[in-house]
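Working notes for the structure below.
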């Protein structure tokens, strides 16, 4: 059976739609056997991936950004704990954090397609689940979620710069939520927080290494909380997140665990794999799904900073 390719044409502000003919041409030149389908709105990728898995397609390929990949992953996993097909990735988003971590070239489309076609490297990786949302990279409340919402409002700037500007805007206008945490054998009582970051991966927003020690196949969540601080304090902390050295700063707590329970006094704006969720819960249960998905990858993961 051929591969099923699910394109999100809106990824990177319709940039994926513009590059779709190029992708198809490259794959046809490589004699790749595939069927092509495009999403028509938010959540459609979940339904298309679920249908493709039920029909026996393998691999099922997400073409787009991290949000597009996340929809496909949610369709492959559903209410279970294991994906029902191998995942392929064609990076057509703005940050392409997941592809970067997989070692898939994010600026060389021909090479990325060749890695998919050859499928020499297939990794078994973890996923996470936050309430009903499955994530393959990260789950954020607080500053990171607000920054992404602000970045989405920026129209004329693309790529990683948009996320940096979104963070700047969020710092100037955000109100910090009051949140408590319980994880494995740890407890943090409710307090105002700048953000909480729970991840499988180690890069987000194209430039931030919020969980620099994370491994995608270690069966653990990497869990970070940063206490609320003055806006000047946030501006001082932000550049350190690009090097991973923020984890050594006062008021920043970093743990590895299998499960985190979150309870908030405020409805939580949640960012899951780069996409804002609109359910605004006050309690969230986050857990790791070890070895839940097989992914066609590059030979080695993308580099990360040496934090020490």
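Numbering (this note's numbering), first residue to last: 12 to 319.
Note that the Cβ used here is the ideal one computed from N, Cα and C, for glycine as well.
Setting aside the 5 residues that flank it on each side, residue 237 is surrounded in the same chain by 205, 206, 263, each with a C-beta closer than 6 Å to its C-beta; the list follows chain order. The beta carbon of residue 93 is closer than 6 Å to those of 303 in its chain, skipping five residues each way along the sequence.
Excluding sequence positions up to five before and after residue 200, its CB lies within less than 8 Å of the CB of 191, all in the same chain and listed in chain order. Rounded to the nearest whole angstrom, the C-alpha separation of residue 274 and residue 285 is 22 Å. Put simply, the backbone Cα of residue 297 is about 35 Å away from that of residue 13. Closest in alpha carbon position to residue 219, among 106, 227, 241, 49, is 106. The three-state reading of DSSP puts residue 79 in helix, counting H, G and I together. By the neighbour-count criterion, in which 16 or more other beta carbons inside 10 Å mark a residue as buried, residue 118 falls on the exposed side.
Judged by pairs of C-beta atoms under 8 Å, the segment 75-84 touches the segment 41-61, as three or more such pairs exist.
By the criterion of at least three beta-carbon pairs nearer than 8 Å, the segment 62-74 is not in contact with the segment 255-272. When beta bridges are read from the DSSP output, residue 45 appears opposite 14. Residue 219 carries a strand assignment under DSSP once its states are collapsed to helix, strand and coil. By the CB criterion at 8 Å, residue 215 and residue 108 fall inside the cutoff.
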